[in-house]
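The structure appears below as structure tokens.
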Amino acid sequence: MGLFGGTDFRPLRATLEEHRGSTAESGEPAQVTSCATTALSFVAKPSWEHWLPPPQPDEPAPLSQTALSRSYRHEVVDVLTLSATGGVAHQESEQPSPAISARLTNRVGKIRDEAARLFRAARWQIFEDGMESEFSQGLESLVSRYGSSAIPALADLIDDGCSSAEAASEALRWIGRIDYYSSRASRLWLLERSLASGSARIRDGAALGLAAMDEPHAIPFVSAAIQVERIPELRADLTQVLEQLESTRRCRSS
0 MGLFGGTDFR
10 PLRATLEEHR
20 GSTAESGEPA
30 QVTSCATTAL
40 SFVAKPSWEH
50 WLPPPQPDEP
60 APLSQTALSR
70 SYRHEVVDVL
80 TLSATGGVAH
90 QESEQPSPAI
100 SARLTNRVGK
110 IRDEAARLFR
120 AARWQIFEDG
130 MESEFSQGLE
140 SLVSRYGSSA
150 IPALADLIDD
160 GCSSAEAASE
170 ALRWIGRIDY
180 YSSRASRLWL
190 LERSLASGSA
200 RIRDGAALGL
210 AAMDEPHAIP
220 FVSAAIQVER
230 IPELRADLTQ
240 VLEQLESTRR
250 CRSS
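0 is the number of the first residue of the sequence shown in numbering that gives the first Met the number 0; add one for each residue after it.
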């Protein structure tokens, strides 16, 4: 029936595919200027979840710059690609040597294990709005140490339902607040795709995270999510986030 968690996401997917198609029809070559954007575009997910569209021409380009050094760029791309594809490098990317592949795979496993421990411990924690917790501190530590490499592991844990919806929602709220620029593009990707979750708690956490990031790149995602959201309170929250992002875009354009 095309229903996902009680919400029909076909209009959302159509909107996002149209957003991607408008870029392709412009005749401009795809510009991939972020390690996270490159690697995360390889994620083998159904429908629209596997791509991260480029910023609109009239937007400033905070996502087109990264704090990663050139010597680290290829390692991050390989780590994310191996994580997203289950250890299989993308056919268009440079094939790493067996030794490097083993090291990257081990690193991905280490990140996943550490993230899983955080989520398991979070089952026994009580979260208060805006207040730090052991869980939020652990998330910030994870992202500060591993950067964008930590995001696919967090996405897997949220998608697999291994964590409680409350912990996943709390993670998304804090992912939007974390102030590590090199991971900004991948964190934004996770928040945008989480708007299509079957859990209202997770969608709410994604909306709050996007409000905290205040990145106009998310406007088409939030706008499409509003069209299919059936919970009035959450739809109102998403509308407020959309208004905030549009205001931010106007300010940056002036």
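Beta carbons are placed, not taken as given, at the ideal position from N, Cα and C, and that holds for glycine.
Can you give the Cα-Cα distance for TYR180 and ILE230, rounded to whole angstroms?
Each residue's Cα considered, the two are about 33 Å apart.
With distances taken Cα to Cα, identify the nearest neighbour of SER196 among ILE110, GLU214, PHE134, ALA224.
Taking only the C-alpha atoms, the option nearest SER196 is ALA224.
Simplified DSSP assignment, three categories, for GLY146
Reduced to three states, the DSSP call for GLY146 is helix.
Top-ranked residue by Cα proximity to ALA115, from SER253, GLU131, SER163
Per the Cα distances, SER163.
Give me the Cα-Cα distance between ALA205 and GLY108, rounded to the nearest whole angstrom.
25 Å
Residue interval of the alpha helix (DSSP H) (run including PRO231):
231-252
When you compare the CB positions of PRO215 and LEU194, do they come within less than 8 Å of one another, or not?
In this structure, PRO215 keeps its C-beta atom at 8 Å or more from the C-beta atom of LEU194.
List the endpoints of the continuous alpha helix (DSSP H) containing ALA224.
That run of the alpha helix (DSSP H) goes 218-227.
Distance CB(SER198)-CB(ILE150) smaller than 8 Å
Their beta carbons are not under 8 Å apart, which means SER198 does not touch ILE150 by this criterion.
Comparing alpha-carbon positions, which option in ARG202, GLU228, VAL142 lies nearest ILE177?
VAL142
Suppose you measure from the CA of PRO192 to the CA of ARG122; what does that come to, to the nearest Å?
Sequence check: residue 192 is Arg here, not Pro. For ARG192 and ARG122, the gap between their C-alpha atoms comes out near 23 Å.
Taking the alpha carbon of ASP128 as the point to measure from, which residue in SER252, PRO97, GLY208 has its own alpha carbon closest?
GLY208
Measuring CB to CB, does SER135 end up less than 8 Å from TRP173?
yes
Is the beta carbon of LEU171 closer than 8 Å to that of LEU190?
Yes, these two residues count as a Cβ contact at 8 Å.
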